[in-house]
Amino acid sequence: SQTIHQWPATLVQPVGSPLSLECTVEGTSNPNLYWYRQAAGRGLQLLFYSVGIGQISSEVPQNLSASRPQDRQFILSSKKLLLSDSGFYLCAWSAGGGLNEQFFGPGTRLTVL
Amino acid sequence: KQEVTQIPAALSVPEGENLVLNCSFTDSAIYNLQWFRQDPGKGLTSLLLIQSSQREQTSGRLNASLDKSSGRSTLYIAASQPGDSATYLCAVRIYNQGGKLIFGQGTELSVKP
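Residue numbers (the numbering used here), protein chains in the order written: chain A, 1 to 113; chain B, 1001 to 1113.
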């Protein structure tokens, strides 16, 4: 069966510090991978998606970047965090093609102080 | 631009009651629609995926219907239980952009014992 992991679960970072959130998927190959952010009082917003290694599409201009160094690894990064980067970050995967059911990880709660 | 709306934003019912959650979307050109459950501070759990060619899907006490032409979906929960208390999110999948999901704001359900 497939599983999706995210870490860390919780993170508190000062403004201006770097960020690295990791997501890995097990039990499948060549998945589509997604990063979403859920800010307080707002819905889920797609940040990045990837259809393959090294292929990243950005949905909104922001202070964040994403990378996919391996088939089942997706990383969300920032060089300098802003207060507005606080939120709940969710990684998701779907089987190749992207039109299949999406499955979400447990999320990372990021607080920028 | 696709927009997804969920009504009501919050709902409180006594245990045992049958209930309906509503989801509407502005553009009928969707590939499928997915219903999720989110417990506080947790990731999303996929409940049902209904393809654009389908009218309904059932899983246990849950039944989701889809009327693509009118831009509506409902999630019916039979014989509600306190353990059903959570936020329920619907999301539509559009054809391009890697299978991007567009989410509603969710309905927060509370089932009282």
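Idealized CB from N, CA, C, for every residue including glycine.
Predicted model only: the values in this text are computed from it and were never measured.
Where residue i meets chain A, residues with beta-carbon distance less than 7 Å
i, result
"B/G1043", "L90, F104, G105, P106 and G107"
"B/A1066", "Note that residue 1066 of chain B is Leu in the sequence shown, not Ala. None at all; the shortest Cβ gap to chain A is about 15 Å."
Straight-line Cα distance separating residue j from residue i
i, j, result
"A/Q73", "A/P18", "19 Å"
"A/L113", "A/Q102", "32 Å"
"A/D71", "B/N1018", "43 Å"
"A/T3", "B/L1033", "22 Å"
"A/N100", "A/Q62", "27 Å"
"A/T24", "B/F1103", "23 Å"
"A/G105", "B/R1093", "19 Å"
"B/Y1088", "B/G1106", "5 Å"
"A/L46", "B/S1080", "31 Å"
"A/Y89", "A/Q55", "20 Å"
"B/S1059", "B/L1047", "8 Å"
"B/T1026", "B/L1049", "19 Å"
"B/A1009", "B/D1084", "16 Å"
"B/T1045", "A/V15", "32 Å"
C-beta neighbour in chain A for residue i, strict 8 Å
i, result
"B/S1046", "yes"
"B/L1011", "no"
"B/Y1031", "yes"
Contact list for residue i against chain A, beta-carbon separation under 9 Å
i, result
"B/Q1034", "E101 and Q102"
Proximity test, Cβ basis, 8 Å: residue i and chain B
i, result
"A/S65", "no"
"A/G43", "yes"
"A/L47", "no"
Partner residues on chain A for residue i, Cβ-Cβ distance less than 8 Å
i, result
"B/L1021", "Within chain A, no residue comes near B/L1021; the closest Cβ sits about 15 Å away, beyond 8 Å."
Neighbourhood of residue i by C-beta, 6 Å cutoff - its chain only, sequence neighbours within 5 removed
i, result
"B/V1020", "T1074 and Y1076"
"A/T111", "V12 and S86"
"B/P1113", "E1015 and P1082"
Interface residues of chain B facing residue i [CB-CB closer than 8 Å]
i, result
"A/S94", "G1099"
Residues near residue i by beta carbon distance below 7 Å, same chain, minus five either side
i, result
"B/S1052", "I1030, Y1031, N1032 and K1068"
"B/S1012", "S1110 and K1112"
"B/A1086", "R1037, Q1038, D1039 and L1109"
"B/G1071", "S1024, F1025, T1026 and S1028"
Proximal residues to residue i (C-beta, below 8 Å), its chain only, five neighbours per side dropped
i, result
"B/G1099", "Y1031 and R1093"
"A/R37", "L44, Q45, L47, G87, F88, Y89 and L90"
message: Give me the subset of the region 1086-1108 of chain B whose CB atoms are less than 9 Å from a CB atom of chain A, sorted by chain position.
response: L1089, A1091, R1093, Y1095, Q1097, G1098, G1099, K1100, L1101, I1102, F1103, G1104, Q1105 and G1106
message: So if I threshold CB-CB distances at 7 Å, which residues from the region 27-38 of chain A count as touching chain B?
response: N32
message: So if I threshold CB-CB distances at 9 Å, which residues from the region 1049-1078 of chain B count as touching chain A?
response: L1049
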